[in-house]
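Working notes for the structure below.
Protein chains: 2
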Amino acid sequence: MLKMKTAGHTISMALLAAGCLLPFVAIGGDTPVDYDIIPRELADNAVLLRERALLDNLSVDIVESITTEVGPRRVGTEGDRRAIAWAEAKFRELGFDRVWTEEVPVEYGWIRGEASAEIVSPYPHNIVMTALGYSVGTHGDLVGEIVEFADFEALEAVPEGDSLNGKIAFVSYSMADFVPAPGASRMSGYGKGTQARGRGHVAAAKRGAAAIIIRSVGTDNNRYAHTGSGYGYEEGVKKIPAAAISPPDAILIQNMLKRGKPVVVKMNLTSEITGPVKGANVIGEMTGRSDSDNYLVLGAHLDSWDEGTGAIDDGAGVGSMMAAAALIGQMEQRPRRSIRVLLFAAEEIGLVGAQAYLAANKENLDRHLLGAEVDGGGGRAHTMISGVGEASVQVMREMHKLIAPLGIAWSDANDANGASDMGVLGRAGMPALNLQQNSNDYFMYHHTPNDTFDKIIPEDMRYLTAAYATLFYLAAELDVDFRK
Amino acid sequence: MLKMKTAGHTISMALLAAGCLLPFVAIGGDTPVDYDIIPRELADNAVLLRERALLDNLSVDIVESITTEVGPRRVGTEGDRRAIAWAEAKFRELGFDRVWTEEVPVEYGWIRGEASAEIVSPYPHNIVMTALGYSVGTHGDLVGEIVEFADFEALEAVPEGDSLNGKIAFVSYSMADFVPAPGASRMSGYGKGTQARGRGHVAAAKRGAAAIIIRSVGTDNNRYAHTGSGYGYEEGVKKIPAAAISPPDAILIQNMLKRGKPVVVKMNLTSEITGPVKGANVIGEMTGRSDSDNYLVLGAHLDSWDEGTGAIDDGAGVGSMMAAAALIGQMEQRPRRSIRVLLFAAEEIGLVGAQAYLAANKENLDRHLLGAEVDGGGGRAHTMISGVGEASVQVMREMHKLIAPLGIAWSDANDANGASDMGVLGRAGMPALNLQQNSNDYFMYHHTPNDTFDKIIPEDMRYLTAAYATLFYLAAELDVDFRK
Numbered sequence: 079m080l081k082m083k084t085a086g087h088t089i090s091m092a093l094l095a096a097g098c099l100l101p102f103v104a105i106g107g108d109t110p111v112d113y114d115i116i117p118r119e120l121a122d123n124a125v126l127l128r129e130r131a132l133l134d135n136l137s138v139d140i141v142e143s144i145t146t147e148v149g150p151r152r153v154g155t156e157g158d159r160r161a162i163a164w165a166e167a168k169f170r171e172l173g174f175d176r177v178w179t180e181e182v183p184v185e186y187g188w189i190r191g192e193a194s195a196e197i198v199s200p201y202p203h204n205i206v207m208t209a210l211g212y213s214v215g216t217h218g219d220l221v222g223e224i225v226e227f228a229d230f231e232a233l234e235a236v237p238e239g240d241s242l243n244g245k246i247a248f249v250s251y252s253m254a255d256f257v258p259a260p261g262a263s264r265m266s267g268y269g270k271g272t273q274a275r276g277r278g279h280v281a282a283a284k285r286g287a288a289a290i291i292i293r294s295v296g297t298d299n300n301r302y303a304h305t306g307s308g309y310g311y312e313e314g315v316k317k318i319p320a321a322a323i324s325p326p327d328a329i330l331i332q333n334m335l336k337r338g339k340p341v342v343v344k345m346n347l348t349s350e351i352t353g354p355v356k357g358a359n360v361i362g363e364m365t366g367r368s369d370s371d372n373y374l375v376l377g378a379h380l381d382s383w384d385e386g387t388g389a390i391d392d393g394a395g396v397g398s399m400m401a402a403a404a405l406i407g408q409m410e411q412r413p414r415r416s417i418r419v420l421l422f423a424a425e426e427i428g429l430v431g432a433q434a435y436l437a438a439n440k441e442n443l444d445r446h447l448l449g450a451e452v453d454g455g456g457g458r459a460h461t462m463i464s465g466v467g468e469a470s471v472q473v474m475r476e477m478h479k480l481i482a483p484l485g486i487a488w489s490d491a492n493d494a495n496g497a498s499d500m501g502v503l504g505r506a507g508m509p510a511l512n513l514q515q516n517s518n519d520y521f522m523y524h525h526t527p528n529d530t531f532d533k534i535i536p537e538d539m540r541y542l543t544a545a546y547a548t549l550f551y552l553a554a555e556l557d558v559d560f561r562k
Numbered sequence: 079m080l081k082m083k084t085a086g087h088t089i090s091m092a093l094l095a096a097g098c099l100l101p102f103v104a105i106g107g108d109t110p111v112d113y114d115i116i117p118r119e120l121a122d123n124a125v126l127l128r129e130r131a132l133l134d135n136l137s138v139d140i141v142e143s144i145t146t147e148v149g150p151r152r153v154g155t156e157g158d159r160r161a162i163a164w165a166e167a168k169f170r171e172l173g174f175d176r177v178w179t180e181e182v183p184v185e186y187g188w189i190r191g192e193a194s195a196e197i198v199s200p201y202p203h204n205i206v207m208t209a210l211g212y213s214v215g216t217h218g219d220l221v222g223e224i225v226e227f228a229d230f231e232a233l234e235a236v237p238e239g240d241s242l243n244g245k246i247a248f249v250s251y252s253m254a255d256f257v258p259a260p261g262a263s264r265m266s267g268y269g270k271g272t273q274a275r276g277r278g279h280v281a282a283a284k285r286g287a288a289a290i291i292i293r294s295v296g297t298d299n300n301r302y303a304h305t306g307s308g309y310g311y312e313e314g315v316k317k318i319p320a321a322a323i324s325p326p327d328a329i330l331i332q333n334m335l336k337r338g339k340p341v342v343v344k345m346n347l348t349s350e351i352t353g354p355v356k357g358a359n360v361i362g363e364m365t366g367r368s369d370s371d372n373y374l375v376l377g378a379h380l381d382s383w384d385e386g387t388g389a390i391d392d393g394a395g396v397g398s399m400m401a402a403a404a405l406i407g408q409m410e411q412r413p414r415r416s417i418r419v420l421l422f423a424a425e426e427i428g429l430v431g432a433q434a435y436l437a438a439n440k441e442n443l444d445r446h447l448l449g450a451e452v453d454g455g456g457g458r459a460h461t462m463i464s465g466v467g468e469a470s471v472q473v474m475r476e477m478h479k480l481i482a483p484l485g486i487a488w489s490d491a492n493d494a495n496g497a498s499d500m501g502v503l504g505r506a507g508m509p510a511l512n513l514q515q516n517s518n519d520y521f522m523y524h525h526t527p528n529d530t531f532d533k534i535i536p537e538d539m540r541y542l543t544a545a546y547a548t549l550f551y552l553a554a555e556l557d558v559d560f561r562k
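Quick note, the sequences are listed as chains A and B, same order. Heads up: the first sequence begins at 79 in the working numbering, then just goes up one per residue. Heads up: the second sequence begins at 79 in the working numbering, then just goes up one per residue.
The structure is reproduced here in structure tokens:
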């Protein structure tokens, strides 16, 4: 019986006495945890790894490194090329056994150019605008009267035709004011906002509009516009400029419209769609000691939007996943199975790197035993959701016990597909797990100039990293088939 | 005895029953308040005024109006001229009995122009920079190596000479990280920051620097630079460009410097000092019914910096002070004494409008019976400090009892001079009172593009306005000499 228990508390107390552990270990409870599947020694090692990770700043240092030494890295730009070189060098520096890149061709490139805008009447104001990804430019000043739509549905409700001729459609939907349905998360408000961001320009063009502007999809009220989306024009529909304005400027326009006066905006975007560009997925492997051809995969995306330095989106993912694997790599011996960190290219323009990865690795998909991705900032995880075969749910529950002391709850849903890029592999059949995070900050900063290193909360990053290190160490040692 | 009491509670209960009062009136306590000086009827009226003000959105509407219909209004700009016209019209609309302007000549004007900057090496990054007020331009790209100073004192500790030749001095002092001495407020951290903002360019020039940049003086970590100061070059010292960078970019540069590599910045400011300009103090008066030649003065400044729309700095002051007087004006009869709202010109460049006002009104200073100013945002007041003659402290204490239910404490200091512009008059001898406010938000937004209407918290503005309306109604009715 004792063999099947982890003396989690006993270890904690001993380490605490030795000054090695933070007091929160006590959250684990006062009694040893029972395990039916995880051997005691393995669980003990996982506890030690978890506790070491909580004291290790590597994940934060990695975010500091990529945001300082690289900065913005949209696919196809000089910054993206520097990011690829940075990632290869960083994997090597951290002791990964194998490091390689896989090219990701991207059909179009894009030059952001400059964006400027002003309200011409009834009251002149400069406003803050940014082009949405892969928008065409305005080719000089574009001047038009604003027609407001509460959301994408309201725009789509207008019959196709020419009713918006010469006008600028303005979708004023506010993610900040969206109240999710009971049980739903903030993400549902994001999803609603991204409809106009991703397809508003097509809908507006079909109704004759000269351009579309949207209130930024975010939860903040800072005077930044949130960019987003990426090449989404429709064949046969006029390509009109698409831009986001800052929340305060959206409110300003709405307050002018309330006065019953026509609001006229002048905007100028010098953005431009170009020919094909190339990105690369960068992969680092800690090679398994005995079953090296099967691997666990930790994902994040290497690219970022081009206005901030990509700290929370997705430097936090890069930092936590690289660090989780590196911390496992610092243990006495490599785990049985390999652990791969996949840094995807071109996530921001529609999971392009992940799709390229799947196409190139389709035959090896069965060797991807379990995957997870961090693409929701550096906040702490609060809930673990598995997405595995029924037969292995029980082992997932046991693995969860080792991260429960980090304040992470268990969900019975077992419907995880893998977040973001990893969802491409998850939907193709790869077993996955998701750690849902506190992403309250995320939607305040992401896709804006304000996504910078200072937004990272180091303690939270250490918690997040510790959770992934613990889970993936266990998954790499256990002889479990997670397949559905 | 009853005559000398205000049945505050009794009134409250009756009004509450009638659906007129918010429940917080009960904060006033369960027993009638004793007064030695304030007659009961007057106190009763003051309570009614206070409660009405708490339900009245006028102060917020005024901020919405000036930020929407005018926006940025730096002295000498088109926006400032529109603000003057707006203020005159608004006073009239609100029923002020007399409205006039007093011209304020300003020795120099200034064109902000554009500011752009990038880190050239060791890692290229665009950074967010703004010119400090009245900085000269760079006349093309200015490229220099960064030399960091922890604060203004560290810069001044360098012997004058040419040790910074060709370099860009960088004062990295962070108001956000400043810990005030026990008992001191956040303002002490602001004061420390404004040393480099106001005089850093002179100190740096005396040591040969080609330019100076400072970490923005603010408590936020948004990617905005806070502008500030205003014409401060010294005769005989080279005029070098002076700019602020955003906190995240200051941290970025510091992180690069930590790597031991030279950091080279390229900056380009097209700002320009021009010839003289004109502003105007705009004054509205609710004329007293019997002692109209003596007046209470409520102050705020009409000008703003030019990047946001001047909502918290100082739209909140304009809104609360105009509304407080207007609410008094809506009472059955005018108070005995006059109440004047003074909207000062050119505060942001060094209290220029207030000095002009004092010069023009020196002979009437004795008629300014009591003054106060709001220039700390729209937050609630938490402490009342008088600055009056000993003989009238007791009446101030009684006046305070009428605003105590708003959550405002009394301070015995009696050393108030009047905030901001009003301090010019206070230091010249005018009796004053200060309501210290919660200004936590203020230093996050002020002097940035982010100072916009959405930052106003309506409920807080109503509390603030109610306090001033109550106090100045009482002061206008009481036959008290507040002089020191």
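The beta-carbon is built from N, C-alpha and C at its ideal position, and this holds for glycine as well.
Cα-Cα separation, residue i to residue j
| i | j | result |
| --- | --- | --- |
| B:Ala547 | B:Gly308 | 33 Å |
| A:Thr297 | A:Asp112 | 42 Å |
| A:Tyr311 | A:Asn516 | 33 Å |
| B:Arg151 | A:Ala328 | 20 Å |
| A:Asn123 | A:Val466 | 24 Å |
| A:Ile486 | A:Gly496 | 17 Å |
| B:Ala161 | B:Asp381 | 8 Å |
| B:Met462 | B:His478 | 7 Å |
| B:Thr145 | A:Glu223 | 21 Å |
| A:Thr348 | B:Thr348 | 22 Å |
| A:Asp219 | B:Asp175 | 46 Å |
| B:Val182 | B:Val148 | 20 Å |
| B:Leu552 | B:Asp114 | 14 Å |
CB contact check: residue i to chain A, cutoff 8 Å
| i | result |
| --- | --- |
| B:Pro340 | no |
| B:Gly530 | The sequence shown places Thr at residue 530 of chain B, not Gly. Yes - at least one Cβ of chain A is within 8 Å of the one on B:Thr530. |
| B:Met345 | no |
| B:Val206 | yes |
| B:Pro354 | no |
| B:Pro117 | no |
| B:Pro527 | yes |
CB contact check: residue i to chain B, cutoff 8 Å
| i | result |
| --- | --- |
| A:Gly107 | Caution is warranted here: a pLDDT of 43 is assigned to A:Gly107, below 50, making its placement in the model unreliable, and the coordinate value is therefore given only provisionally. For A:Gly107, the answer is no, since every Cβ of chain B falls outside 8 Å of its Cβ. |
| A:Gly149 | yes |
| A:Met334 | yes |
| A:Pro260 | no |
Whole-angstrom C-beta distance between residue j and residue i, which should lie under 8 Å
| i | j | result |
| --- | --- | --- |
| A:Phe227 | A:Val249 | 5 Å |
| B:Ala459 | B:Gln408 | Going by Cβ atoms, the distance from B:Ala459 to B:Gln408 rounds to 22 Å, so no, they are not a contact pair. |
| B:Glu129 | A:Asn333 | At roughly 28 Å, the Cβ-Cβ gap does not stay under 8 Å, so B:Glu129 and A:Asn333 are not in contact. |
Reference residue i; option with closest CA among the options
| i | options | result |
| --- | --- | --- |
| B:Gly154 | B:Gly357, B:Ala167, B:Ala287, B:Ser349 | B:Gly357 |
| B:Met399 | B:Ala121, B:Asn135, B:Leu120, B:Gln273 | B:Asn135 |
| B:Asp391 | B:Asp453, B:Gly431, B:Asp444 | B:Asp453 |
| A:Val315 | A:Thr305, A:Arg285, A:Gly388 | A:Arg285 |
| A:Ala283 | A:Gly244, A:Pro354, A:Leu330, A:Ala434 | A:Gly244 |
Using a Cβ-Cβ cutoff of 7 Å, what residues of the stretch 190-204 of chain A are near chain B? List them in chain order. Listed in sequence order: Tyr201, His203.
Please name the residues in the stretch 289-302 of chain B whose beta-carbon is closer than 9 Å to at least one beta-carbon of chain A, in chain order. Answer set for the stretch 289-302 of chain B: Asn299, Asn300, Arg301, Tyr302.
What residues from the stretch 311-332 of chain A come within 9 Å of chain B, judged by C-beta to C-beta, listed N to C? The stretch 311-332 of chain A vs chain B, Cβ under 9 Å: Ser324, Pro325, Pro326, Asp327, Ile329, Leu330.
Give the residues from the stretch 531-543 of chain A that approach chain B closer than 8 Å (Cβ to any Cβ), ordered along the chain. Using a CB distance below 8 Å, the part of the stretch 531-543 of chain A facing chain B consists of Phe531, Asp532, Lys533, ordered along the chain.
In chain order, what residues of the stretch 131-148 of chain A put their CB closer than 8 Å to some CB of chain B? Per Cβ criterion, the list reads Glu142, Thr145, Thr146, Glu147, Val148.
Under 9 Å, CB to CB, which of the residues in the stretch 225-245 of chain B have a partner in chain A? Hits within the stretch: zero.
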